[in-house]
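Asker: When we follow this note's numbering, the leftmost residue of the sequence shown carries the number 366, and every step to the right adds one. Idealized CB from N, CA, C, for every residue including glycine. Can you keep this structure in mind? I'll have questions shortly.
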Amino acid sequence: MKIKVRRPDDWHLHLRDGAILQAVAPFSAAVFARAIIMPNLVPPITTMAAALAYRRRILAALPPNATFQPLMTCYLTDDLSPDELRLGAERGVFVAAKLYPAGATTNSARGVSDVRKIWPVLEMMERIGLPLLVHGEVVDEDVDIFDREAVFIERELTPLLADFPALRVVLEHVSTQTAVEFVLAQDDRVAATITPHHLLLTRNDLLAGGVHPHLYCLPIVKGAKDRRALRTAATSGSPRFFLGSDSAPHPVRRKESARGRAGIFNSPVIMPWLAQAFEQEQALPNLEAFSSLHGPRFYGLPINEDFIQLERKEPDFPACVEIPGGNDCLRIFSPPEKLHWRVAAA
Ligand code: NCD
Ligand code: ZN
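Right, dumping it as structure tokens:
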């Protein structure tokens with residue numbers, strides 16, 4: 366069986382830099398037309414100049430003739446100047462800005478310590494319609510890691526949306542039923558991305574029978590009830606939910622360690638796993654809306670004109686992708702179940 370899907374976009378992608386960028390960029394470019402590029406490099410992308418230079422490095426890492434378009438984002442810090450972001454947005458360099466609560470996840474140390482510190486930036490974003498992309502987890506040590514998204518929604522996001530009634534917000538990589546219900550209760554200025562791994566995994570996959578570091582990411586995967594809500598949201602046809610892979614490669618040595626890094630590298634297998642999840646939900650006809658229509662609609666961009674084909678056939682891909690010159694590799698997302706889909710050759 367083969368299905369035709371309008372070429373998808375990835376609305377949340379970590380491409381990293383240097384050798385890892387060289388290793389991973391071709392996988393996104395092979396399937397996706399565009400991607401929202403996460404700015405959490407070290408140092409983070411906080412200026413137009415840094416974003417333009419990073420964009421050039423991404424384009425240089427693509428195979429010849431690739432048409433993949435990186436959509437750049439600005440990393441919000443306590444002291445970011447509203448003018449830098451506004452100019453960057455007006456010149457088409459920044460399509461959004463990313464809010465990492467300081468300390469919430471990988472390379473978030475320079476993130477925002479208190480949203481009150483970025484009040485003028487948020488006012489400006491609301492005024493010009495620049496989307497705010499949110500890592501929605503509190504950093505409070507006293508809050509259980511499985512509750513950090515729900516507590517963020519209650520303590521931070523709810524007041525933020527009230528204070529900025531026209532600010533456009535994407536709650537990134539939602540992982541709970543609470544987040545799904547929250548997004549649906551807002552008007553259409555609020556949307557959410559969902560990752561393939563949050564549709565496939567529960568915390569049993571992560572923790573039962575031994576710790577599986579390659580299934581560890583933030584927000585941490587939750588229980589079956591939450592996965593059900595995410596599957597229902599993604600397959601429902603609601604335009605408020607769209608694909609953001611959160612592909613976040615880390616070298617195997619950093620994942621398999623006493624303090625394994627958070628992040629799942631899924632970019633070579635995103636569409637096959639989505640097809641499998643949508644098939645299990647008997648919702649294959651809604652896959653295209655999730656992967657290729659709702660994102661452009663939220664961002665006010667045209668939909669892609671060409672198509673890819675997905676084929677119900679055992680795929681053939683390696684377990685790991687070498688990092689050039691790095692003497693290490695990146696393990697490709699591999700949940701416990703067997704994959705039955707692949708992207709058909711063009
Ligand atoms: C991401 C990373 O490694 O950059 N990690 C992750 O677990 N998702 C950061 C993020 O999006 O939280
Ligand atoms: Zn991410």
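State the DSSP-derived secondary structure class of residue 571, mapped to helix, strand or coil.
Answerer: Of the three classes helix, strand and coil, the one that applies to residue 571 here is helix, per DSSP.
Asker: Give the DSSP-derived three-state secondary structure of residue 498 in the structure shown.
Answerer: Here residue 498 sits in strand by DSSP.
Asker: Sorry if obvious, but does the Cβ on residue 692 come closer than 6 Å to a heavy atom of the ligand NCD?
Answerer: False, no ligand heavy atom lies under 6 Å from that Cβ.
Asker: Measuring from the CB of residue 383, is there a heavy atom of the ligand MG at a distance below 6 Å?
Answerer: No copy of the ligand MG appears in this structure; the ligands present are the ligand NCD and the ligand ZN.
Asker: Measuring only from the beta carbon, is residue 611 closer than 6 Å to any heavy atom that is part of the ligand NCD?
Answerer: Yes, the Cβ of residue 611 comes within 6 Å of a heavy atom of the ligand NCD.
Asker: Within 10 angstroms of the Cβ of residue 626, are there 16 or more other Cβ atoms? Answer buried if so, exposed if not.
Answerer: The residue in question, residue 626, is buried, as its Cβ has 16 or more Cβ neighbours within 10 Å.
Asker: Contact check, residue 499 vs residue 536 under 8 Å by CB: the rounded distance?
Answerer: Right, their Cβ atoms sit about 5 Å apart.
Asker: Just curious, the beta strand (DSSP E) that residue 558 is in, first and last residue?
Answerer: Note, residue 558: beta strand (DSSP E), 555-559.
Asker: Are the CB atoms of residue 436 and residue 399 within a distance shorter than 7 Å?
Answerer: Against a cut-off of 7 Å, the Cβ pair of residue 436 and residue 399 comes out as a contact.
Asker: If you count every other CB in all the chains shown that lies within 10 Å of the CB of residue 476, and 16 or more means buried, which is it?
Answerer: Buried.
Asker: Using the beta-carbon count (16 or more within 10 Å), is residue 658 buried or exposed?
Answerer: Per the 10 Å Cβ criterion, buried.
Asker: Would you kindly work out how many angstroms separate the C-alpha atoms of residue 568 and residue 681, rounded to a whole number?
Answerer: Using only the alpha carbons, I get a separation of about 27 Å.
Asker: By the three-class DSSP mapping on this structure, what secondary structure does residue 636 have?
Answerer: Three-state DSSP puts residue 636 in a helix.
Asker: Would you mind listing the alpha helix (DSSP H) stretches within the segment 432-516 that are 4+ residues and don't spill past its ends, in chain order?
Answerer: Within the segment 432-516, the complete alpha helix (DSSP H) runs of at least 4 residues are 447-455 and 484-493.
Asker: Should the segment 604-617 be regarded as contacting the segment 552-565, the criterion being three or more beta carbon pairs within less than 8 Å?
Answerer: Yes, the segment 604-617 is in contact with the segment 552-565.
Asker: Nearer than 6 Å: is that true of the beta carbon of residue 569 relative to any heavy atom of the ligand NCD?
Answerer: Answer for residue 569: no, Cβ out of range of the ligand NCD.
Asker: Can you list, in chain order, the residues of its chain with a C-beta nearer than 7 Å to that of residue 542? Leave out the 5 residues immediately preceding and following it.
Answerer: Closer than 7 Å at the Cβ level, and outside the excluded window around residue 542, lie 590, 591 and 594.
Asker: Residue 480 and residue 525 look like a contact to me (Cβ under 8 Å); what is the Cβ gap, rounded to whole Å?
Answerer: About 6 Å; that satisfies the 8 Å criterion.
Asker: Specify the secondary structure class of residue 382 as computed by DSSP and reduced to three states.
Answerer: Three-state DSSP puts residue 382 in coil, outside helix and strand.
Asker: Tell me the DSSP bridge mates of residue 367?
Answerer: Per DSSP, 676.
Asker: Would you call the CB atoms of residue 382 and residue 406 closer than 7 Å?
Answerer: Going by C-beta atoms, residue 382 is nearer than 7 Å to residue 406.
Asker: Do you know how far the Cα of residue 665 is from the Cα of residue 491?
Answerer: Cα to Cα, the separation comes out at about 15 Å.
Asker: Note down the Cα distance separating residue 577 from residue 614, rounded to an integer number of angstroms.
Answerer: Going from the Cα of residue 577 to the Cα of residue 614 covers about 15 Å.
Asker: So, does the CB of residue 489 fall closer than 7 Å to a CB anywhere in chain D?
Answerer: Within the model displayed, chain D is absent; a lone protein chain is all it includes.
Asker: For residue 670, is the classification buried or exposed, using 16 other Cβ atoms within 10 angstroms of its Cβ as the cut-off for buried?
Answerer: Residue 670 is exposed by the Cβ-count criterion.
Asker: Among residues of its own chain, excluding the 5 on either side of residue 502, which ones have a beta-carbon nearer than 6 Å to its beta-carbon?
Answerer: Excluding sequence neighbours, residue 502 sits near 469, 513, 514, 517 and 584.
Asker: According to DSSP, is residue 668 helix, strand or coil?
Answerer: Coil.
Asker: For residue 622, count neighbouring C-beta atoms within 10 Å of its own C-beta (all shown protein chains included) and say buried if the count is 16 or more, exposed if not.
Answerer: When all chains shown are included, residue 622 counts as exposed.
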